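Enquirer:
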Amino acid sequence: MTGKIIVSAALFATIVLAGCAAVLIGAGVGAGGAYTYIKGELTRNYPTDYNRTLKVCTEILKDLEQPILEKTTDGAQTTIRTRRKDGTPQTIKVGILSPDRTWVSIRTGVLGYWKKDISMQLQQFISQRLQK
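Using our numbering, you'd call the opening residue of the sequence shown number -16 and step up by one each time.
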């Protein structure tokens, strides 16, 4: 129990020092565990390798008919910029945590008008596909 208190205190201190107003950590469904929502980005870790996670993300965008407007990579992280059918911009980042673990960060909307529920839905789609 004291471990949870220490982790909670450290998280709280980090949030206060960073000046971040919007943080949500909640139980996720399936393979990823918890979500972290900071400054408009909803992030989740997955027990899957980088190439598979990236492939699933691009397949979902294709299925949703969201064109990839820009895709950049530095070898450890790929950033995909897309636009939803309603015109809302969306950014997906996929990064490597270890050879068999990745993280996915999704930002939907523009500064001050982030749509956390849509980002959460896309994270759920990713989780479901990775479990197959």
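All C-beta atoms in this analysis are idealised placements derived from N, C-alpha and C, irrespective of residue type, glycine included.
Quantities reported herein were computed from a predicted structural model and do not represent experimental measurements.
#1: In chain order, what residues of the same chain lie with their CB nearer than 8 Å to the CB of M103, ignoring the 5 residues before and after it?
#2: R90 by DSSP, collapsed to three states: which one?
#3: Around the C-beta of Q106, are 16 or more other C-beta atoms found within 10 angstroms, so that it is buried, or is it exposed?
#4: At the level of alpha carbons, what is the spacing between P30 and K99?
#5: From what residue to what residue does the alpha helix (DSSP H) around T31 run?
#6: For a test of the three-state rule: what should DSSP assign to T62, helix, strand or coil?
Expert: With the structure as the only source:
#1: Y18, L25
#2: strand
#3: buried
#4: 23 Å
#5: Premise fails: T31 is in no alpha helix (DSSP H) and is neither H nor E.
#6: strand
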